[in-house]
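> If you read the sequences in order, they're chains A and B. If you read the first sequence in the numbering used here, its first letter stands for residue 1, the second for the next number, and so on. If you read the second sequence in the numbering used here, its first letter stands for residue 1001, the second for the next number, and so on.
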Amino acid sequence: MRAIAPALVFFAVAGLAPLVVRDAFLLDGLILILMWGAAGAAWNIAGGYAGQVSLGHSAFFGLGAYAAALCGTRWQLSPWIGLLIGALVATATGFIIGYLSNRLRGPYFVLATIAFSQVLLIGASRWRGFTAGSEGIPVPFRPGFWTLGIADKRVWVWIVLTLAVLVYLVQLYLERSRRGYQLAAVREDEDAALSLGVPARRLKVAAIAVSAALTAACGALWAQYVGFVDPVYVFSVDLSVRFSLAAILGGLGTALGPFLGSVLVTTVETYLRARFGGIGAGLVGIYLILYGCALIVMVRFAPQGLVGWIGDRRRHRTAARATP
Amino acid sequence: MSLLSVTGVTKRFGGITANKGISFEVQPGELVGIIGPNGAGKSTLFEIISGFYPPDEGEVRLDGARLTGLSPDVVCRRGVARTFQKLRPFPGMTALDNVMVGALTRTKDVRHAREQAREILARVGLGEKIEAHGRTLSTGQRKRLELARALATQPRVLLLDEVTAGVDQRTIPGLVQLVRDLHAGGLTLLVIEHNMRVITAMAPRIVALYLGEVIADGTPDVVTHDRRVVEAYLGQAYTQ
């Protein structure tokens, strides 16, 4: 109970905030924090818990976004069905990427994931007849919960929060269950894990597939929330970096980490965009420079991420109190 | 019927033949030592038995069922566990978590696995170290941890690769005693060891390898006085 108390507080604050906050800008910020937190946490399942670092997770996000958008525009289906289809397609794709992870290790796997998202980007940009090409797809706004045409940002907070909590629970399962222990062993030393009877390959593939499905769910909601799917954005390396950054800054392989990381990344980015945005501003991309610097500082001084760093501080203080 | 049988196992790496038609049988409850100078093919043999390398020829059977061709995790679940010559505890996990990974191969219940892991750690003399991380343990303690982890998978045959290598002289007797205790408890063990004094004190039967072939198989007394074994270890000058 004590271990999940911070998470309970975090999600409770996020869930109750819309009752007090009416400002659209702030609610939008909260939705983005939860959205990128959920995506970061989904990434964390593969990159953190299973140790399969990917910089191509935008592939899954984009698949989810396109599935929702295409279901709405082409077949007049509910985006919820699109979300489901997106998750299924992403799971299948996750199996392929997972298979690659059994063939390629370390940097070669990372490169393969980047290439994979770029292939989807090119596919989505060129296949005009189906995806509308590089112009992107405006998602029609049809009011109602079933069609996810919701103007009230407060409701969006709750919808995205539900997904965030779901991904958090999956991570919690990975910390406490048999499969979680086995996956941690695979991450630490795959051969040693194999020698102890852990089905390493199957577990890695499964982790990547689950991670892919949840990332796609984020993509589907995002498409509905923003109302526009642009291939260059949803399949971008930028987006993959954002997911991984939230998890790395917050704490790889920790359940709350990606959400804390997202608070940091999202607020700083939103602030900088607002501050230096606008036409003719030469500093629009400054947040990317900041990402890089933050990553260097974290890796140098707190490789365990925020969660690990806070934990260390606490232990130090308790230790200091114990020895007078 | 023998518990573990190795039949005509041959393994080539390019032009080098690491194992050449190796055959021997291990009976239930036996402790068999495997000796041989560097490059004799001891470790390669372990990799083949545990499923990490496929042999080019020959096969390994456990209780009559073929192990060759199965992946290492399946071999372990069938009942053959191993330790590594180069120790590889999970460095970021506590000793308890390390052993739990082994225990969870046999039980689905995490709490049950935790209890088992605690017991096994106490049995190998790491009862005080359950919360220590893999990387903070001494070499001797890590050897014990590896042993505990492998034991947790409830093996029918345990393969130990160089139990006493790299630990200081004072630590050796304790480790030897631990292996002896396991044997006395009825466990079947196959032990690679390069320290002649250790293995003759530990194993009632020794298989000697040289250049990938079995050159002697018998009691320590017979094997250590075998002309070819002495030659292999010390060179021809000592055989007069």
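For glycine and all other residues, C-beta sits at the position ideal for the given N, C-alpha and C.
Would you mind reading off the limits of the beta strand (DSSP E) that contains residue 1057 of chain B?
Unbroken beta strand (DSSP E) run through residue 1057 of chain B: 1057-1062.
> For residue 1219 of chain B, which three-state DSSP category applies?
Coil at residue 1219 of chain B, not helix or strand.
> Can you give me the start and stop residues for the beta strand (DSSP E) that residue 1012 of chain B sits inside?
Where residue 1012 of chain B is concerned, the enclosing beta strand (DSSP E) stretches over 1004-1013.
> For chain A, is any of its Cβ atoms less than 7 angstroms away from the one on residue 1096 of chain B?
It does not: the Cβ of residue 1096 of chain B has no partner Cβ on chain A nearer than 7 angstroms.
> State yes or no: is the beta carbon of residue 1013 of chain B nearer than 7 angstroms to at least one beta carbon in chain A?
For residue 1013 of chain B, the answer is no, since every Cβ of chain A falls outside 7 angstroms of its Cβ.
> Which residues in the same chain have their Cβ closer than 8 angstroms to the Cβ of residue 83 of chain A, if we skip the five residues on either side of it in sequence?
The answer, listed in chain order, is 64, 67, 68, 216, 217, 220 and 221.
> Return the CA-CA distance between residue 324 of chain A and residue 316 of chain A, expressed in angstroms with no decimal places.
Confidence at residue 324 of chain A is low in this model, with a pLDDT of 48, below 50, so its placement is unreliable and no value can be given for it.
> Is there at least one Cβ from chain A nearer than 7 angstroms to residue 1088 of chain B's Cβ?
Chain A, which has a Cβ nearer than 7 angstroms to the Cβ of residue 1088 of chain B, makes this yes.
> Going straight from the alpha carbon of residue 1053 of chain B to that of residue 36 of chain A, what length do you get?
Rounded to the nearest angstrom, the two C-alpha atoms are 43 angstroms apart.
> Relative to the C-alpha of residue 1091 of chain B, which residue among B/1131, B/1200 and B/1074 is closest?
The shortest Cα separation from residue 1091 of chain B among B/1131, B/1200 and B/1074 belongs to B/1131.
> Which of helix, strand or coil does DSSP assign to residue 1025 of chain B?
In the structure shown, residue 1025 of chain B sits in a strand (DSSP, three-state: E or B).
> Evaluate the contact criterion for the segment 1043-1053 of chain B versus the segment 173-190 of chain A: three or more CB pairs, one atom per stretch, below 8 angstroms.
With the cut-off at 8 angstroms, the segment 1043-1053 of chain B and the segment 173-190 of chain A do not touch.
> Quick check: what's the CA-CA separation for residue 1219 of chain B versus residue 1205 of chain B?
The alpha-carbon atoms of residue 1219 of chain B and residue 1205 of chain B are separated by roughly 4 angstroms.
> Under a CB-based cut-off of 7 angstroms, is residue 1045 of chain B close to chain A?
No - not a single Cβ of chain A is within 7 angstroms of the one on residue 1045 of chain B.
> Please tell me whether residue 207 of chain A and residue 50 of chain A are closer than 7 angstroms, where the distance is taken between their beta carbons.
Yes, Cβ-Cβ distance for residue 207 of chain A and residue 50 of chain A is below 7 angstroms.
> For residue 1061 of chain B and residue 1068 of chain B, I'd like the C-alpha separation in whole angstroms.
In a straight line, the C-alpha of residue 1061 of chain B is about 7 angstroms away from that of residue 1068 of chain B.
> Which of the three DSSP states is assigned to residue 1072 of chain B in this structure?
Three-state result, residue 1072 of chain B: helix.
> Taking all protein chains shown into account, do 16 or more other C-beta atoms lie within 10 angstroms of the C-beta of residue 998 of chain B, making it buried, or fewer, making it exposed?
Outside the shown range of chain B (1001 to 1240) lies residue 998 of chain B, about which nothing can therefore be said.
> Along the segment 1092-1119 of chain B, what residues have a CB closer than 7 angstroms to any CB found in chain A?
Flagged, chain order: 1092, 1093, 1097, 1100, 1101, 1102, 1104, 1105, 1108 and 1110.
> Of all the CB atoms in chain B, is at least one closer than 7 angstroms to the CB of residue 198 of chain A?
It does: the Cβ of residue 198 of chain A has a partner Cβ on chain B nearer than 7 angstroms.
> To the nearest angstrom, how far is it from the Cα of residue 76 of chain A to the Cα of residue 159 of chain A?
Residue 76 of chain A and residue 159 of chain A: Cα-Cα distance of roughly 21 angstroms.
> For the alpha helix (DSSP H) containing residue 173 of chain A, list its first residue and its last residue.
That run of the alpha helix (DSSP H) goes 153-176.
> Of the choices B/1089, B/1039 and B/1150, whose alpha-carbon is the least far from that of residue 1187 of chain B?
The option with the nearest alpha carbon to residue 1187 of chain B is B/1150.
> Compute the beta-carbon to beta-carbon distance between residue 231 of chain A and residue 136 of chain A, rounded to the nearest angstrom, for a pair I have assumed lies under 8 angstroms.
Confirmed, about 6 angstroms.
> In angstroms, rounded to a whole number, what distance separates the CA positions of residue 90 of chain A and residue 1114 of chain B?
Roughly 35 angstroms separates the two Cα atoms.
> Count the other CB atoms within 10 Å of the CB of residue 1240 of chain B; is the residue buried (16 or more) or exposed (fewer)?
Low confidence applies to residue 1240 of chain B: its pLDDT is 46, below 50, so where it sits in the model is not reliable enough to give any reading.
> State the Cα-Cα distance for the pair residue 1079 of chain B and residue 1156 of chain B, rounded to the nearest angstrom.
About 5 angstroms.
> Helix or strand or just coil, what does DSSP make of residue 1119 of chain B?
Residue 1119 of chain B: helix per DSSP, three-state reduction.
> Checking contacts by CB at 7 angstroms: is residue 969 of chain B closer than that to chain A?
Residue 969 of chain B cannot be examined here, being either before or after the span of chain B that is shown, 1001 to 1240.
> DSSP has residue 1081 of chain B in a bridge; who is on the other side?
DSSP output for residue 1081 of chain B lists B/1158 as bridge partner(s).
> Report the rounded CA-to-CA distance for residue 287 of chain A versus residue 78 of chain A, giving the unit in angstroms.
Near 36 angstroms, if we compare the C-alpha coordinates of residue 78 of chain A and residue 287 of chain A.
> Which one of B/1152, B/1096 and B/1110 has the shortest CA to CA distance from residue 1129 of chain B?
Considering only alpha carbons, the answer is B/1096.
> Select from B/1163, B/1066 and B/1127 the residue whose C-alpha is nearest the C-alpha of residue 1082 of chain B.
The shortest C-alpha separation from residue 1082 of chain B is found at B/1163.
> Using a Cβ-Cβ distance under 7 angstroms, would residue 195 of chain A count as near chain B?
By this cut-off, residue 195 of chain A is an interface position.
> With a threshold of 16 other CB atoms inside 10 Å of the CB of residue 1044 of chain B, please say whether the residue is buried or exposed.
Buried, because 16 or more other Cβ atoms sit within 10 Å of the Cβ of residue 1044 of chain B.
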